[in-house]
Amino acid sequence: MTGVVQKKHMKRNDTALAGSTLYLTKPLGIGILTTAEKKSKLRDEDIGLARDWMCTLNKPGSRFGKLDGVQAMTDVTGFGLLGHLVEMADGAGLTARLDYAAVPRLPGVEHYIAEGCVPGGTLRNFESYGDRIGALSDAQRDLLCDPQTSGGLLVAVSHEGEAEFLIVAAELGLLLTPIGTLLERQTHAVEVF
Numbered sequence: 031m032t033g034v035v036q037k038k039h040m041k042r043n044d045t046a047l048a049g050s051t052l053y054l055t056k057p058l059g060i061g062i063l064t065t066a067e068k069k070s071k072l073r074d075e076d077i078g079l080a081r082d083w084m085c086t087l088n089k090p091g092s093r094f095g096k097l098d099g100v101q102a103m104t105d106v107t108g109f110g111l112l113g114h115l116v117e118m119a120d121g122a123g124l125t126a127r128l129d130y131a132a133v134p135r136l137p138g139v140e141h142y143i144a145e146g147c148v149p150g151g152t153l154r155n156f157e158s159y160g161d162r163i164g165a166l167s168d169a170q171r172d173l174l175c176d177p178q179t180s181g182g183l184l185v186a187v188s189h190e191g192e193a194e195f196l197i198v199a200a201e202l203g204l205l206l207t208p209i210g211t212l213l214e215r216q217t218h219a220v221e222v223f
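Counting in this note's numbering, the sequence shown runs from 31 upward without gaps.
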């Protein structure tokens, strides 16, 4: 990725502070739905869904980068949400506590996981960073480690900056809800509950 940004607006993935809230701007499941399509298991109502999300740009990042309350930000790619969350938490010396039920996901994802439409990259992802994650179920692993093509932005926002962040998100057509928090370092980099 190339671009021009004022240094004061540049956000890194390792600068979050304890107490910040985590947001994700796009739903997970791109790898799962594209795998379902490759296996000829994609239902008619889900055709084009993954493509449409992959074609949705992460343009909101340019606005979020100008907000003081945004402490850290990164895009979610082939390492899956957990891979990028481990990097964010480890880089800041914190633990991320993730609310699995709050994580946005594409419609039908659970159906496709049950049908065995899990990309090979999912397990490779987990093998590379799974030791830094607390206990989780296979279904949680399959979604949270799902490789994303053109995934959303993972954003850590300070408590003081949350209201402004959500206003800007709404102006951009994003109705975001928290998916977790960052806290002082515990045993693991990420805990899923």
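Beta carbons: idealized from backbone N, C-alpha and C, even for Gly.
The bridge partners DSSP lists for residue 221 are 127. For residue 101, the enclosing beta strand (DSSP E) has its first and last residue at 100 to 105.
The C-beta distance from residue 54 to residue 124 rounds to 17 Å, too long to fall under 8 Å, and the pair is not in contact. Here DSSP, grouped into helix, strand and coil, assigns residue 214 to strand. Burial check for residue 166: the Cβ neighbour count within 10 Å reaches 16 or more, so the residue is buried. By the beta-carbon neighbour count (other beta carbons within 10 angstroms, threshold 16), residue 127 is buried. Taking C-alpha positions only, residue 160 is separated from residue 114 by approximately 12 Å.
For residue 79, the enclosing alpha helix (DSSP H) starts and ends at 79 to 84. Judged by DSSP in its simplified three-state form, residue 35 adopts coil rather than helix or strand. For residue 144, DSSP assigns no beta-bridge partner whatsoever. Where residue 65 is concerned, the enclosing alpha helix (DSSP H) starts and stops at 60 to 68.
In the DSSP assignment, residue 179 falls outside any alpha helix (DSSP H) and carries neither an H nor an E.
With respect to the 8 Å criterion, residue 147 and residue 69 are classified as neighbours on the basis of their beta carbons. Cβ-Cβ distances below 6 Å link residue 182 to 54, 55, 56 and 106 in the same chain, with the five nearest sequence neighbours on each side left out; the list follows chain order. Separation of residue 92 and residue 71 (C-alpha to C-alpha, rounded to the nearest whole angstrom) is 37 Å. Between residue 52 and residue 211, the CB-CB gap stays under 8 Å.
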